[in-house]
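Q: In this note's numbering, the protein residues as written are 3 to 357.
Ideal Cβ placement from N, Cα and C applies to all residues, glycine included.
(1) In whole angstroms, what separates the C-alpha of residue 4 from that of residue 127?
(2) From residue 123 to residue 51, what does the alpha carbon distance come to, in whole angstroms?
(3) One question on the structure: do residue 331 and residue 302 come within less than 7 Å of each other, judged by their Cβ atoms?
(4) Which full runs of the alpha helix (DSSP H) of 4+ residues lie inside the segment 53-137, going along the chain?
(5) Is it true that the segment 79-90 meets the segment 137-157, where meeting means three or more beta-carbon pairs spaced less than 8 Å apart?
(6) Any idea if residue 255 is buried or exposed, counting beta-carbon neighbours within 10 angstroms, 16 or more meaning buried?
(7) The alpha helix (DSSP H) with residue 1 in it runs from where to where?
(8) Between the alpha carbons of residue 26 and residue 32, how many angstroms are there, rounded?
(9) For the alpha helix (DSSP H) containing residue 152, list its first residue and its last residue.
(10) Who are residue 328's beta bridge partners in DSSP?
(11) With distances taken Cα to Cα, identify the nearest neighbour of residue 243 among 219, 274, 213, 278.
(12) Name the two residues that bound the continuous beta strand (DSSP E) containing residue 282.
(13) From what residue to what residue does the alpha helix (DSSP H) around residue 293 run?
(14) Just to confirm the assignment, what range does the beta strand (DSSP E) spanning residue 242 have?
(15) Run through DSSP, which three-state label would residue 333 get?
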């Protein structure tokens with residue numbers, strides 16, 4: 003077993019055979035390797051040296067995290083990558099959501115595969131300056147389930163970091179699964195020596211999401227990862243009035259679609275209403291939402307993105323929301339958030355230097 007390896011039969015949250023707490027932590031209790039790990043000589047993890055060499059050409063590393071699933075974290079990661087690439091940055095998008103890889107679909111790369119060369123694994127590219135790596139490229143089919151314990155997940159993340167030839171990158175965006183578990187600990191441990199710019203945390207406005215996101219912020223503070231800011235996604239449903247479907251309920255509870263009648267009525271009787279945007283609160287934000295949480299936890303608030311059906315459609319189709327006017331409600335909000343992220347963290351100097 004090489005230095006730094008985690009045994010296949012190890013318990014979840016294994017600290018690694020070369021960790022000072024190997025065989026001694028709470029996670030080691032009952033592990034068949036506990037005695038061997040506790041008494042084995044320790045040394046530096048050779049993989050971390052290789053990872054540091056690979057990451058030497060990556061200027062900035064940004065994690066996209068959320069304590070809650072289903073908040074649009076991967077959608078934000080994809081659109082952030084599209085936006086940075088549109089600014090002529092070289093971007094890498096690393097999907098470490100091992101059990102639920104959605105990045106290939108959101109980048110329009112379903113069915114693609116990773117190729118190997120003498121330099122290592124090659125990312126799958128979008129438009130020439132977005133390189134993407136995901137376990138989704140390694141699975142035999144879209145319905146294949148990944149049923150792995152923590153040590154095997156950690157091993158794959160190390161492979162992605164030490165075996166992928168990214169070439170020179172301005173940004174590496176890391177899309178992580180929800181929670182504060184194996185993947186998060188592994189990616190931080192593997193990259194902390196190479197410099198991590200910080201994490202963007204995505205949430206929705208309601209308390210059930212914010213409770214978990216508070217834990218994510220606490221995780222970042224404990225492991226020394228700077229919180230670059232929090233994004234409140236799905237912050238109210240916003241949609242052009244004429245795009246809505248209108249229904250009438252009958253006495254027996256059936257729904258009848260009267261959308262075309264309503265649209266025709268508006269065209270004839272109230273044409274001035276056709277250009278209105280209709281908005282509705284989907285989640286209860288009476289507690290103050292993400293903005294209040296950020297004040298309480300002393301982290302930056304980057305802004306709100308409305309729940310826009312057109313943004314959902316762009317994610318389903320694997321395209322940028324910035325290239326046309328279809329995402330007229332969400333794209334401007336995302337643009338403001340990304341510009342604030344760039345300005346607040348000094349990334350704007352890169353634009354000046356490359357001009």
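A: Considering the structure as presented:
(1) With a pLDDT of only 39 at residue 4, under 50, the local geometry of the prediction cannot be trusted, and the value read off the model is given with reservation. Looking at the two C-alpha atoms, the distance is approximately 32 Å.
(2) 18 Å
(3) no
(4) 75-88, 105-108
(5) no
(6) exposed
(7) There is no way to answer for residue 1, as the model of the chain reaches only from 3 to 357.
(8) 11 Å
(9) 152-165
(10) Paired residue(s): none; residue 328 is not in a bridge.
(11) 278
(12) 279-282
(13) 291-299
(14) 239-242
(15) helix
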